[in-house]
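Undergrad: First the structure, then my questions, so here it is.
Numbering (full-length UniProt numbering), first residue to last: 1 to 107.
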């Protein structure tokens, strides 16, 4: 299962109005660490489908959202709940570290 993409056009519905927590992976095609963390996020999504939704936002294609959420380095992941940022994770990490960071949501 590959994480679904979100864009400026679908952001409101996909992220801000979503039921339950949504992890948004801010990434770019040229980013090596982003490509490393992507399959890990896919695994976390596949193992926790009722607990969290994982979406990807390409920062090159959606610069306004990247600026709005102050994305200055990637990969950056933000968990949204109720339309608000609940937690931010910066940088590629191994699966166990990401699961620890997301324990409040996938616990």
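Ideal placement from N, C-alpha and C gives every residue a C-beta, glycine not left out.
Source: prediction; values computed, not measured.
Apart from the five residues on each side of it in sequence, which residues of its chain come closer than 6 Å, Cβ to Cβ, to residue 54?
TA: Apart from sequence neighbours up to five positions away, the residues of its chain that approach residue 54 with a beta-carbon distance below 6 Å are 3, 23, 41, 45, ordered along the chain.
Undergrad: What does residue 15 pair with, by DSSP beta-bridge criteria?
TA: Per DSSP, none; premise fails for residue 15.
Undergrad: Taking contact to mean 3 or more Cβ pairs, one atom from each stretch, closer than 8 Å, check whether the stretch 25–37 and the stretch 90–107 are in contact.
TA: Counting Cβ pairs under 8 Å, three or more are found: they touch.
Undergrad: On the three-state DSSP scale, how would you describe residue 95?
TA: Shown here, residue 95 sits in a helix according to DSSP, grouped into three states.
Undergrad: Drop a sphere of 10 angstroms on the beta-carbon of residue 25, count the other beta-carbons inside from all chains shown, and report buried for 16 or more, exposed for fewer.
TA: buried
Undergrad: Output the boundary residues of the alpha helix (DSSP H) element that contains residue 8.
TA: Note, residue 8: premise wrong, no alpha helix (DSSP H); not H, not E.
Undergrad: With a 10 Å radius around its C-beta and 16 neighbouring C-beta atoms as the bar for buried, classify residue 6 as buried or exposed.
TA: buried
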